[in-house]
Amino acid sequence: MDNGNILVIGAGVAGINASLSLADSGRKVYLVEQTSYIGGTVIKFEKVFSNMECATCMVAPKQQELLAKENIELFTISEVLKVEGSLGNFVVKVKKKARYVDLKACIGCSACFEPCPVSVKNEFEEGLSERKAIYIPCPGALPNIPAIDTENCVRFNGKDCKLCKEACMFEAIDFEQKDEEIELKVGAIVVATGFSSFDPKEIPKYGYKKFSDVYSALEFERMFASNGPTTGEIKLRNGESPKSVAIVHCVGREEKGYCSAICCMNSLKFVHYLKEKLPDVKISEFCSDLCIPGKSYEKFYEQTKTMGVDIIRFEDIEIKEEGKGISVKYKTDTKGSSLPVDMVILSTAIEPKKDASKLAKILGISQDEHGFFAEKHSEIASVDTSTEGIFIVGCAQDPKDIQNSVAQSEAAVGKILSRGT
(Lines of atoms letter the chains of each structure in order from A and count residues from 1; the text may use other names and numbers.)
(Lines give C-alpha, C1' and ligand atoms only; values in the text may rest on other atoms or scores of the structure.)
Protein backbone atom coordinates (compact mmCIF):
# COMPACT_ATOMS: atom_id res chain seq x y z
CA MET A 1 0.00 0.00 0.00
CA ASP A 2 1.30 3.46 -0.91
CA ASN A 3 2.56 5.61 1.94
CA GLY A 4 0.91 9.04 2.30
CA ASN A 5 3.72 10.58 4.36
CA ILE A 6 5.97 13.13 2.64
CA LEU A 7 9.64 14.06 3.08
CA VAL A 8 10.63 17.69 2.46
CA ILE A 9 14.36 18.43 2.30
CA GLY A 10 15.20 22.04 3.12
CA ALA A 11 13.36 24.52 5.35
CA GLY A 12 13.68 27.71 3.33
CA VAL A 13 10.60 29.54 2.02
CA ALA A 14 9.85 26.90 -0.63
CA GLY A 15 10.27 24.01 1.81
CA ILE A 16 8.20 25.71 4.51
CA ASN A 17 5.40 26.50 2.06
CA ALA A 18 5.34 22.95 0.68
CA SER A 19 5.33 21.51 4.22
CA LEU A 20 2.45 23.70 5.36
CA SER A 21 0.35 23.00 2.25
CA LEU A 22 0.87 19.26 2.59
CA ALA A 23 0.15 19.34 6.33
CA ASP A 24 -3.04 21.34 5.71
CA SER A 25 -4.18 18.55 3.39
CA GLY A 26 -3.82 16.08 6.25
CA ARG A 27 -0.46 14.61 5.28
CA LYS A 28 2.28 13.74 7.74
CA VAL A 29 5.39 15.74 6.77
CA TYR A 30 8.99 15.08 7.76
CA LEU A 31 11.02 18.26 7.22
CA VAL A 32 14.81 17.81 7.20
CA GLU A 33 17.04 20.90 7.52
CA GLN A 34 20.85 21.01 7.64
CA THR A 35 21.09 24.13 9.82
CA SER A 36 19.88 24.75 13.36
CA TYR A 37 17.17 27.17 12.17
CA ILE A 38 14.38 27.43 9.60
CA GLY A 39 13.71 30.12 7.02
CA GLY A 40 16.70 29.69 4.71
CA THR A 41 18.53 32.62 3.14
CA VAL A 42 15.45 34.87 3.16
CA ILE A 43 15.69 35.41 6.91
CA LYS A 44 19.01 37.18 6.28
CA PHE A 45 17.09 39.89 4.41
CA GLU A 46 15.57 42.98 5.98
CA LYS A 47 13.30 43.64 2.99
CA VAL A 48 12.39 41.94 -0.28
CA PHE A 49 11.88 43.48 -3.71
CA SER A 50 9.83 44.79 -5.43
CA ASN A 51 7.40 46.08 -2.78
CA MET A 52 10.19 46.44 -0.20
CA GLU A 53 8.13 44.30 2.14
CA CYS A 54 9.55 43.42 5.56
CA ALA A 55 11.06 39.95 5.13
CA THR A 56 10.58 39.00 8.78
CA CYS A 57 6.93 40.07 8.69
CA MET A 58 6.46 37.84 5.67
CA VAL A 59 8.32 34.74 6.87
CA ALA A 60 7.98 34.71 10.68
CA PRO A 61 4.23 33.85 10.74
CA LYS A 62 4.93 30.88 8.44
CA GLN A 63 7.82 29.77 10.66
CA GLN A 64 5.63 29.95 13.77
CA GLU A 65 2.81 28.09 12.02
CA LEU A 66 5.21 25.35 10.95
CA LEU A 67 6.63 24.90 14.44
CA ALA A 68 3.10 24.60 15.83
CA LYS A 69 1.84 22.04 13.27
CA GLU A 70 1.34 18.65 14.91
CA ASN A 71 1.68 16.73 11.65
CA ILE A 72 5.00 18.34 10.69
CA GLU A 73 8.02 16.69 12.29
CA LEU A 74 11.06 18.93 12.02
CA PHE A 75 14.61 17.59 12.03
CA THR A 76 17.18 20.39 12.31
CA ILE A 77 20.95 19.90 12.08
CA SER A 78 20.08 16.83 10.02
CA GLU A 79 20.84 15.33 6.63
CA VAL A 80 19.55 12.61 4.35
CA LEU A 81 22.00 9.70 4.18
CA LYS A 82 20.22 7.14 2.01
CA VAL A 83 17.08 6.75 -0.11
CA GLU A 84 15.72 3.44 -1.38
CA GLY A 85 12.43 2.35 -2.95
CA SER A 86 10.16 4.12 -5.40
CA LEU A 87 7.08 6.31 -5.74
CA GLY A 88 4.68 5.56 -2.90
CA ASN A 89 7.20 3.50 -0.95
CA PHE A 90 10.47 5.33 -0.31
CA VAL A 91 12.61 4.32 2.67
CA VAL A 92 14.82 7.19 3.85
CA LYS A 93 17.65 7.16 6.36
CA VAL A 94 18.23 10.51 8.11
CA LYS A 95 21.10 11.45 10.39
CA LYS A 96 19.84 13.73 13.14
CA LYS A 97 22.79 15.40 14.85
CA ALA A 98 22.72 16.16 18.55
CA ARG A 99 21.98 19.77 19.48
CA TYR A 100 23.12 19.18 23.09
CA VAL A 101 20.28 21.44 24.23
CA ASP A 102 16.90 20.05 25.28
CA LEU A 103 14.25 21.55 22.99
CA LYS A 104 11.55 21.26 25.65
CA ALA A 105 13.53 22.49 28.65
CA CYS A 106 15.19 25.49 26.96
CA ILE A 107 13.28 28.81 26.99
CA GLY A 108 15.75 30.67 24.78
CA CYS A 109 16.94 33.04 27.51
CA SER A 110 20.55 33.09 26.18
CA ALA A 111 22.07 32.96 29.69
CA CYS A 112 24.42 30.22 28.45
CA PHE A 113 26.13 32.44 25.85
CA GLU A 114 28.11 34.88 27.99
CA PRO A 115 30.14 32.38 30.08
CA CYS A 116 31.29 30.45 26.99
CA PRO A 117 35.04 31.11 26.58
CA VAL A 118 35.01 30.58 22.80
CA SER A 119 34.49 33.24 20.14
CA VAL A 120 34.49 32.39 16.42
CA LYS A 121 33.30 34.08 13.25
CA ASN A 122 29.53 33.85 12.82
CA GLU A 123 28.92 32.29 9.42
CA PHE A 124 25.26 33.35 9.45
CA GLU A 125 26.43 36.97 9.69
CA GLU A 126 28.88 36.37 6.82
CA GLY A 127 31.76 36.70 9.28
CA LEU A 128 30.90 40.32 10.18
CA SER A 129 30.48 39.40 13.86
CA GLU A 130 31.44 36.64 16.25
CA ARG A 131 29.45 34.01 18.09
CA LYS A 132 30.04 31.59 20.95
CA ALA A 133 30.41 27.82 20.70
CA ILE A 134 26.85 27.62 22.07
CA TYR A 135 24.74 29.97 20.00
CA ILE A 136 21.75 30.90 17.90
CA PRO A 137 22.64 32.38 14.49
CA CYS A 138 20.96 35.76 15.05
CA PRO A 139 18.31 37.40 17.25
CA GLY A 140 14.89 36.14 16.21
CA ALA A 141 16.10 32.87 14.66
CA LEU A 142 13.60 30.02 14.98
CA PRO A 143 13.57 27.65 16.73
CA ASN A 144 14.90 30.05 19.38
CA ILE A 145 16.98 27.25 20.89
CA PRO A 146 20.79 27.31 20.85
CA ALA A 147 23.01 24.50 19.63
CA ILE A 148 26.55 23.57 20.60
CA ASP A 149 29.17 23.74 17.86
CA THR A 150 31.29 20.74 18.86
CA GLU A 151 34.06 21.64 16.42
CA ASN A 152 34.85 24.75 18.48
CA CYS A 153 33.49 23.84 21.93
CA VAL A 154 36.39 23.29 24.34
CA ARG A 155 34.50 20.54 26.18
CA PHE A 156 34.19 18.48 23.00
CA ASN A 157 37.89 19.07 22.37
CA GLY A 158 39.17 17.50 25.57
CA LYS A 159 38.76 20.17 28.27
CA ASP A 160 36.49 19.84 31.30
CA CYS A 161 34.35 22.91 30.63
CA LYS A 162 30.69 23.08 31.65
CA LEU A 163 30.22 26.84 32.05
CA CYS A 164 27.16 26.94 29.79
CA LYS A 165 25.54 24.09 31.72
CA GLU A 166 26.21 25.82 35.04
CA ALA A 167 24.64 29.05 33.72
CA CYS A 168 21.39 27.32 32.70
CA MET A 169 18.85 27.34 35.53
CA PHE A 170 16.50 25.15 33.49
CA GLU A 171 18.97 22.26 33.11
CA ALA A 172 18.53 22.37 29.33
CA ILE A 173 22.18 21.69 28.44
CA ASP A 174 22.66 17.97 27.84
CA PHE A 175 26.20 16.88 26.97
CA GLU A 176 25.04 13.25 26.79
CA GLN A 177 22.87 13.69 23.70
CA LYS A 178 23.93 11.48 20.80
CA ASP A 179 23.57 11.65 17.03
CA GLU A 180 20.73 9.45 15.78
CA GLU A 181 19.98 7.63 12.54
CA ILE A 182 16.25 7.58 11.84
CA GLU A 183 14.40 5.56 9.21
CA LEU A 184 11.42 7.25 7.55
CA LYS A 185 8.89 5.71 5.18
CA VAL A 186 7.35 8.18 2.74
CA GLY A 187 5.43 8.20 -0.52
CA ALA A 188 7.06 11.24 -2.13
CA ILE A 189 9.99 13.60 -1.63
CA VAL A 190 10.22 17.36 -2.20
CA VAL A 191 13.72 18.77 -2.61
CA ALA A 192 13.90 22.44 -1.55
CA THR A 193 17.56 22.79 -0.62
CA GLY A 194 18.03 26.35 -1.92
CA PHE A 195 21.28 27.82 -3.18
CA SER A 196 24.77 29.03 -2.38
CA SER A 197 26.24 32.40 -3.33
CA PHE A 198 29.24 32.60 -5.61
CA ASP A 199 32.41 33.47 -3.70
CA PRO A 200 33.85 36.65 -5.29
CA LYS A 201 37.24 35.78 -3.81
CA GLU A 202 37.55 33.43 -6.80
CA ILE A 203 37.96 36.50 -9.05
CA PRO A 204 40.90 38.57 -7.75
CA LYS A 205 40.08 41.65 -9.84
CA TYR A 206 37.13 42.48 -7.58
CA GLY A 207 39.40 42.98 -4.57
CA TYR A 208 37.17 40.96 -2.26
CA LYS A 209 38.93 40.18 1.04
CA LYS A 210 41.85 42.24 -0.28
CA PHE A 211 40.34 45.68 0.28
CA SER A 212 38.48 46.16 3.55
CA ASP A 213 35.40 47.98 2.24
CA VAL A 214 34.52 45.60 -0.59
CA TYR A 215 31.48 43.58 0.51
CA SER A 216 29.45 40.73 -0.93
CA ALA A 217 25.70 41.18 -1.40
CA LEU A 218 24.88 38.99 1.61
CA GLU A 219 27.36 40.89 3.80
CA PHE A 220 25.59 44.12 2.89
CA GLU A 221 22.19 42.52 3.58
CA ARG A 222 23.33 41.67 7.10
CA MET A 223 24.85 45.12 7.59
CA PHE A 224 21.49 46.72 6.79
CA ALA A 225 19.42 44.24 8.84
CA SER A 226 18.09 45.56 12.14
CA ASN A 227 18.99 42.25 13.82
CA GLY A 228 22.37 42.11 12.10
CA PRO A 229 25.92 42.73 13.33
CA THR A 230 25.68 46.54 13.06
CA THR A 231 21.97 46.73 14.07
CA GLY A 232 21.24 48.28 10.70
CA GLU A 233 23.93 50.95 10.54
CA ILE A 234 25.76 51.19 7.20
CA LYS A 235 29.36 51.73 8.22
CA LEU A 236 32.81 51.38 6.73
CA ARG A 237 35.40 49.33 8.59
CA ASN A 238 36.70 52.55 10.18
CA GLY A 239 33.27 53.28 11.64
CA GLU A 240 32.41 56.16 9.30
CA SER A 241 29.42 56.30 6.96
CA PRO A 242 30.23 55.95 3.24
CA LYS A 243 29.69 59.02 1.08
CA SER A 244 29.95 57.09 -2.20
CA VAL A 245 29.06 53.48 -3.03
CA ALA A 246 29.53 51.35 -6.14
CA ILE A 247 27.26 48.34 -6.70
CA VAL A 248 28.72 45.88 -9.21
CA HIS A 249 26.34 43.52 -11.01
CA CYS A 250 26.99 40.11 -12.56
CA VAL A 251 29.88 39.01 -10.33
CA GLY A 252 30.47 35.41 -11.35
CA ARG A 253 28.08 35.41 -14.30
CA GLU A 254 30.79 34.80 -16.90
CA GLU A 255 32.46 32.18 -14.72
CA LYS A 256 29.20 30.29 -14.02
CA GLY A 257 27.93 30.56 -17.59
CA TYR A 258 24.40 31.76 -16.82
CA CYS A 259 22.42 34.78 -15.62
CA SER A 260 21.14 34.41 -12.06
CA ALA A 261 17.99 36.41 -12.96
CA ILE A 262 17.37 38.08 -9.58
CA CYS A 263 20.73 39.79 -8.97
CA CYS A 264 19.79 42.97 -10.85
CA MET A 265 16.65 43.41 -8.76
CA ASN A 266 18.62 42.75 -5.62
CA SER A 267 21.18 45.36 -6.66
CA LEU A 268 18.41 47.90 -7.26
CA LYS A 269 17.02 47.09 -3.81
CA PHE A 270 20.35 48.14 -2.33
CA VAL A 271 19.80 51.66 -3.70
CA HIS A 272 16.66 51.85 -1.53
CA TYR A 273 18.61 50.51 1.45
CA LEU A 274 21.34 53.13 1.05
CA LYS A 275 19.03 56.07 0.44
CA GLU A 276 16.89 55.13 3.44
CA LYS A 277 19.85 55.31 5.83
CA LEU A 278 22.14 57.76 3.95
CA PRO A 279 20.00 60.14 1.83
CA ASP A 280 23.01 62.08 0.47
CA VAL A 281 25.14 59.10 -0.52
CA LYS A 282 26.30 58.96 -4.15
CA ILE A 283 25.46 55.59 -5.74
CA SER A 284 26.77 54.11 -8.97
CA GLU A 285 25.41 50.83 -10.36
CA PHE A 286 27.80 49.05 -12.72
CA CYS A 287 26.17 46.47 -14.99
CA SER A 288 27.15 44.58 -18.10
CA ASP A 289 23.48 43.80 -18.71
CA LEU A 290 20.15 44.31 -16.97
CA CYS A 291 17.57 41.61 -16.23
CA ILE A 292 14.25 43.27 -15.32
CA PRO A 293 11.53 40.60 -15.84
CA GLY A 294 7.85 41.47 -15.55
CA LYS A 295 5.72 44.61 -15.10
CA SER A 296 6.17 45.01 -11.34
CA TYR A 297 9.94 44.73 -11.66
CA GLU A 298 10.00 47.25 -14.49
CA LYS A 299 8.06 49.67 -12.29
CA PHE A 300 10.56 49.11 -9.46
CA TYR A 301 13.44 49.79 -11.86
CA GLU A 302 11.89 53.05 -13.09
CA GLN A 303 11.22 54.14 -9.50
CA THR A 304 14.81 53.36 -8.48
CA LYS A 305 16.22 55.44 -11.36
CA THR A 306 14.55 58.55 -9.87
CA MET A 307 16.45 58.15 -6.58
CA GLY A 308 19.69 59.67 -7.84
CA VAL A 309 21.63 56.61 -8.96
CA ASP A 310 24.04 56.51 -11.90
CA ILE A 311 23.63 53.35 -13.98
CA ILE A 312 26.83 52.64 -15.90
CA ARG A 313 27.16 49.85 -18.45
CA PHE A 314 30.64 48.37 -18.60
CA GLU A 315 32.56 45.90 -20.72
CA ASP A 316 35.30 45.29 -18.17
CA ILE A 317 35.77 46.28 -14.54
CA GLU A 318 38.36 46.04 -11.77
CA ILE A 319 38.58 47.25 -8.17
CA LYS A 320 41.93 48.85 -7.36
CA GLU A 321 43.55 50.60 -4.44
CA GLU A 322 43.86 54.35 -4.86
CA GLY A 323 45.68 56.29 -2.14
CA LYS A 324 43.98 55.35 1.11
CA GLY A 325 40.76 54.39 -0.64
CA ILE A 326 39.46 52.20 -3.45
CA SER A 327 38.60 52.95 -7.05
CA VAL A 328 36.46 51.29 -9.69
CA LYS A 329 38.37 51.04 -12.96
CA TYR A 330 36.01 50.29 -15.83
CA LYS A 331 35.79 50.27 -19.60
CA THR A 332 32.72 51.12 -21.63
CA ASP A 333 32.39 50.61 -25.38
CA THR A 334 33.91 54.03 -25.95
CA LYS A 335 36.43 54.75 -23.17
CA GLY A 336 38.10 53.75 -19.93
CA SER A 337 37.34 55.57 -16.68
CA SER A 338 38.03 55.52 -12.95
CA LEU A 339 35.66 56.28 -10.08
CA PRO A 340 36.89 56.62 -6.48
CA VAL A 341 34.37 55.29 -3.94
CA ASP A 342 34.20 54.56 -0.23
CA MET A 343 32.39 51.21 -0.50
CA VAL A 344 31.90 48.51 -3.13
CA ILE A 345 29.05 45.97 -3.02
CA LEU A 346 29.43 42.89 -5.23
CA SER A 347 26.19 41.37 -6.50
CA THR A 348 27.13 37.71 -6.74
CA ALA A 349 25.74 34.87 -8.82
CA ILE A 350 23.48 32.19 -7.39
CA GLU A 351 24.95 28.70 -7.64
CA PRO A 352 23.94 25.19 -6.53
CA LYS A 353 24.46 24.11 -2.94
CA LYS A 354 27.96 22.82 -2.33
CA ASP A 355 26.70 19.31 -1.58
CA ALA A 356 24.20 19.14 -4.47
CA SER A 357 26.10 16.36 -6.28
CA LYS A 358 26.19 14.23 -3.14
CA LEU A 359 22.43 14.61 -2.61
CA ALA A 360 21.71 13.96 -6.31
CA LYS A 361 23.46 10.58 -6.01
CA ILE A 362 21.58 9.71 -2.81
CA LEU A 363 18.23 10.57 -4.41
CA GLY A 364 19.06 9.14 -7.83
CA ILE A 365 18.14 12.34 -9.67
CA SER A 366 19.90 14.22 -12.47
CA GLN A 367 21.73 17.55 -12.46
CA ASP A 368 21.98 20.03 -15.31
CA GLU A 369 25.24 21.26 -16.82
CA HIS A 370 25.54 23.91 -14.09
CA GLY A 371 24.99 21.53 -11.17
CA PHE A 372 21.37 22.44 -10.32
CA PHE A 373 18.88 19.58 -9.97
CA ALA A 374 17.34 18.95 -13.37
CA GLU A 375 13.62 18.90 -14.12
CA LYS A 376 12.12 16.16 -16.27
CA HIS A 377 10.70 18.64 -18.80
CA SER A 378 10.91 22.44 -18.60
CA GLU A 379 7.29 22.99 -19.68
CA ILE A 380 5.13 19.95 -18.93
CA ALA A 381 7.02 18.51 -15.94
CA SER A 382 8.87 21.49 -14.48
CA VAL A 383 8.97 20.17 -10.88
CA ASP A 384 9.32 16.45 -11.68
CA THR A 385 12.75 14.80 -11.72
CA SER A 386 14.20 11.77 -13.47
CA THR A 387 13.01 9.68 -10.50
CA GLU A 388 9.22 9.41 -10.23
CA GLY A 389 7.93 10.71 -6.90
CA ILE A 390 10.83 13.09 -6.27
CA PHE A 391 10.16 16.76 -6.96
CA ILE A 392 12.41 19.83 -7.06
CA VAL A 393 11.33 23.35 -6.12
CA GLY A 394 12.83 26.81 -5.66
CA CYS A 395 16.49 27.63 -6.21
CA ALA A 396 17.44 23.96 -5.91
CA GLN A 397 16.37 23.82 -9.56
CA ASP A 398 17.67 27.19 -10.80
CA PRO A 399 17.89 30.84 -9.68
CA LYS A 400 14.48 32.38 -9.01
CA ASP A 401 12.73 34.90 -6.80
CA ILE A 402 10.60 34.20 -3.72
CA GLN A 403 7.28 34.39 -5.57
CA ASN A 404 8.33 31.82 -8.16
CA SER A 405 9.85 29.57 -5.50
CA VAL A 406 6.58 29.55 -3.57
CA ALA A 407 4.52 29.01 -6.75
CA GLN A 408 6.73 26.08 -7.68
CA SER A 409 6.32 24.53 -4.24
CA GLU A 410 2.54 24.72 -4.71
CA ALA A 411 2.91 23.00 -8.08
CA ALA A 412 4.81 20.12 -6.47
CA VAL A 413 2.20 19.82 -3.71
CA GLY A 414 -0.55 19.76 -6.34
CA LYS A 415 1.15 16.92 -8.21
CA ILE A 416 1.64 14.89 -5.03
CA LEU A 417 -1.99 15.31 -3.92
CA SER A 418 -3.41 14.65 -7.39
CA ARG A 419 -1.51 11.36 -7.59
CA GLY A 420 -2.80 10.29 -4.22
CA THR A 421 0.58 9.07 -3.00
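Residue numbers (the working numbering): 82 to 502.
Heads up, the beta-carbon is just placed ideally off N, CA and C, and yes, glycines get one too.
None of these values were measured; they are calculated from a predicted model.
| Query | Result |
| --- | --- |
| Beta carbon of Lys125, beta carbon of Ser277: below 8 Å? | no |
| Kindly indicate the opening and closing residues of the beta strand (DSSP E) around Glu151. | It is not in any beta strand (DSSP E) - Glu151 carries neither H nor E in the DSSP assignment. |
| Give the single residue among Pro323, Gln478, Glu396 whose Cα lies nearest to the Cα of His330. | Glu396 |
| Any idea if Ala186 is buried or exposed, counting beta-carbon neighbours within 10 angstroms, 16 or more meaning buried? | exposed |
| Please classify Arg318: does DSSP put it in a helix, a strand, or coil? | coil |
| Are there 16 or more other CB atoms within 10 angstroms of the CB of Asn132, so buried, or fewer, so exposed? | exposed |
| What would DSSP say about Gly470, mapped onto helix, strand or coil? | coil |
| Taking Cβ to Cβ, would you say Asp83 is nearer than 8 Å to Gly268? | yes |
| With distances taken from CA atoms, which of Lys442, Glu211, Ile188, Ser307 is nearest Asp137? | The residue asked about is misnamed: residue 137 is Thr in this sequence, not Asp. That would be Ser307, whose Cα lies nearest to the Cα of Thr137. |
| Along the chain, where does the beta strand (DSSP E) that runs through Ile400 open and close? | 397 to 403 |
| So is Lys412 buried or exposed if we call it buried at 16+ other beta carbons inside 10 Å? | exposed |
| Count the CB pairs spanning the stretch 354 to 369 and the stretch 311 to 326 that are closer than 8 Å, and state whether there are at least three. | yes |
| How would you write the range of the alpha helix (DSSP H) that Asp105 sits in, first residue to last? | 94 to 105 |
| Do you know how far the Cα of Gly96 is from the Cα of Ser102? | 10 Å |
| If Arg318 and Ser293 are in contact, beta carbons under 8 Å, what's the gap, nearest whole angstrom? | 4 Å |
| Which residues in the same chain have their Cβ closer than 6 Å to the Cβ of Ser377, if we skip the five residues on either side of it in sequence? | Ser131 |
| Nearest CA to the CA of Glu211: which residue from Phe194, Leu223, Pro224? | Phe194 |
| Using 8 Å as the threshold, is the C-beta distance between Val295 and Ile393 below it? | no |
| Note down the Cα distance separating Lys163 from Tyr216, rounded to an integer number of angstroms. | 29 Å |
| Please tell me whether Ile270 and Ile471 are closer than 8 Å, where the distance is taken between their beta carbons. | yes |
| State the Cα-Cα distance for the pair Leu148 and Glu491, rounded to the nearest angstrom. | 20 Å |
| Helix, strand or coil, according to DSSP, for Ser408 in the structure here? | strand |
| Looking at the secondary structure, which residues open and close the alpha helix (DSSP H) in which Gly275 lies? | Careful: Gly275 lies outside any alpha helix (DSSP H) and carries neither H nor E. |
| My understanding is that Ala253 touches Val182, with C-beta atoms under 8 Å, so please give their C-beta distance in whole angstroms. | 5 Å |
| Judging by CA-CA distance, which residue of Glu134, Lys109, Ser106 is the nearest neighbour of Gln484? | Glu134 |
| What does the Cβ neighbour count give for Met250, buried or exposed, with the cut at 16 atoms within 10 Å? | exposed |
| Who pairs with Phe367 in a beta bridge, going by DSSP? | Val329, Ile393 |
| Could you give the residue range of the alpha helix (DSSP H) that holds Thr385? | 376 to 386 |
| Whole angstroms are fine: how far does the CA of Ile473 sit from the CA of Ser447? | 11 Å |
| Would you mind working out which of Phe301, Ser418, Thr116, Asp423 sits nearest Gly404, comparing C-alpha positions? | Asp423 |
| Who pairs with Ile373 in a beta bridge, going by DSSP? | Ile373 is not bridged to any residue. |
| Can the beta-carbon of Ser463 be found less than 8 Å from the beta-carbon of Ser348? | no |
| For Leu349, which three-state DSSP category applies? | helix |
| Report yes if the C-beta distance between Thr387 and Gly275 is below 8 Å; otherwise report no. | no |
| Where does Thr231 land, buried or exposed, given buried means 16+ other C-beta within 10 angstroms? | exposed |
| Between the Cα of Arg108 and the Cα atoms of Val89, Cys219, Lys176, Lys246, which residue gives the shortest distance? | Val89 |
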